[in-house]
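What follows is a single structure, written as structure tokens, with notes after it.
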Amino acid sequence: ELKVEQNPLFLSMQEGKNYTIYCNYSTTSDRLYWYRQDPGKSLESLFVLLSNGAVKQEGRLMASLDTKARLSTLHITAAVHDLSATYFCAVDSNAGNMLTFGGGTRLMVKP
Amino acid sequence: DGGITQSPKYLFRKEGQNVTLSCEQNLNHDAMYWYRQDPGQGLRLIYYSQIVNDFQKGDIAEGYSVSREKKESFPLTVTSAQKNPTAFYLCASSIDPGTGWDEQYFGPGTRLTVT
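Quick mapping for you: the protein sequence lines, in order, are chains E and Y.
Each residue of the first sequence is one higher than the one before, starting from 7 at the first, in my numbering.
Each residue of the second sequence is one higher than the one before, starting from -16 at the first, in my numbering.
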């Protein structure tokens, strides 16, 4: 059974600081997705990582995938308040596009 | 505009009643999914369908039922057998699981409250 763990579960940081969210998963997969969710809202796709060593960047967010270590990171550079949200990683089980989601990281960026 | 619509946005029901949540997409996607999200938690897969007239149980299918009579529509019924139905329900779709490009796109969600 595929298990996906994110840490930290909650992150409070000051504007302008850098930080990394980690996503570990338990079985082989080469497809990983990052989503953002604002309170009470649906999920917005941020990054799709489809191979070992994949790195994607959008604004202050950068995601990477290491399939050998079964680890993805979401790095936040010079955080701003607008990045406050819950971030989920999701891993494809390689069996019919079934995604297993991590528990989410709730990020709060303080002025 | 292409997208996924879910209705209603909020739904209130009495315990013991069945309720059906709507999910429609005009993205011409083959696959559709239903997830449940509880407060402060991640998403858990209820059912998914890769083609019309076919669907499979996810991790928490007990107390739920679905149908896929049309490519565009994948309604979810929450039955009275579901012990804790109050949750946020999200529908998603993806192009074709067999192509290798299987990013899932999510609808706006339905918040169901059962009292």
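We treat Cβ as the ideally placed atom computed from N, Cα and C, and that holds for glycine.
### Query
For the 8 Å Cβ check, are there 3 or more pairs between the segment 29 to 39 of chain Y and the segment 86 to 98 of chain Y?
no
### Task
Could you please give the first and the last residue of the uninterrupted beta strand (DSSP E) stretch that includes serine 76 of chain E?
For clarity, residue 76 of chain E is arginine in the given sequence; the question names serine instead. Careful: arginine 76 of chain E lies outside any beta strand (DSSP E) and carries neither H nor E.
### Task
Compare the C-beta of phenylalanine 107 of chain E with all C-beta atoms of chain Y and state if any pair is closer than 7 Å.
yes
### Query
The beta strand (DSSP E) spanning alanine 75 of chain Y covers which residue range?
70 to 77
### Query
Between the Cα of glycine 25 of chain Y and the Cα atoms of Y:Ser56, Y:Ala70, Y:Ile78, Y:Ser76, which residue gives the shortest distance?
Y:Ala70
### Task
Please classify serine 41 of chain E: is it buried, with 16 or more other beta-carbons within 10 angstroms of its beta-carbon, or exposed?
According to the sequence as given, residue 41 of chain E is tyrosine; it is not serine. Label assigned to tyrosine 41 of chain E: buried.
### Query
Rounded to a whole number of angstroms, what is the C-alpha to C-alpha distance between serine 32 of chain Y and threonine 96 of chain Y?
25 Å
### Message
As an exercise, report each continuous alpha helix (DSSP H) stretch of at least 4 residues that is fully enclosed by the segment 24 to 78 of chain Y, in chain order.
### Response
none
### Query
Between which two residues does the beta strand (DSSP E) containing leucine 55 of chain E stretch?
49 to 55
### Query
With DSSP run on the structure shown, which of helix, strand or coil describes leucine 38 of chain E?
strand
#### Entry: One or two residues paired with asparagine 58 of chain E in a DSSP bridge
Paired residue(s): none; asparagine 58 of chain E is not in a bridge.
### Task
With 9 Å as the limit, tell me which residues of the segment 49 to 62 of chain E have their beta carbon closer than that to any beta carbon of chain Y; keep them in chain order.
Leu49, Glu50, Ser51, Val54, Leu56
### Query
Could you give the residue range of the beta strand (DSSP E) that holds aspartate 98 of chain E?
91 to 98
### Query
By a C-beta neighbour count over all protein chains shown, 10 Å radius and 16 as the cutoff for buried, is aspartate 85 of chain Y buried or exposed?
buried
### Task
Scan the segment 6 to 38 of chain Y for residues whose Cβ lies nearer than 9 Å to a Cβ of chain E and list them as they occur along the chain.
Ala14, Tyr16, Tyr18, Gln20, Gly23, Gln24, Gly25, Leu26, Arg27, Leu28, Tyr31, Gln33
#### Entry: Buried versus exposed, by CB contacts within 10 Å (16 or more), valine 61 of chain E
exposed
### Message
Measuring straight from C-alpha to C-alpha, what distance separates glycine 23 of chain Y and methionine 68 of chain E?
### Response
24 Å
#### Entry: Listed by chain order, chain E residues near tyrosine 88 of chain Y by CB distance under 8 Å
Ser51
### Query
Under the rule that 16 or more other beta-carbon atoms within 10 Å means buried, what is histidine 87 of chain E, buried or exposed?
exposed
#### Entry: Proximal residues to methionine 114 of chain E (C-beta, below 6 Å), its chain only, five neighbours per side dropped
Ser18, Ser90
### Buried/exposed call for serine 78 of chain E, threshold 16 Cβ in 10 Å
buried
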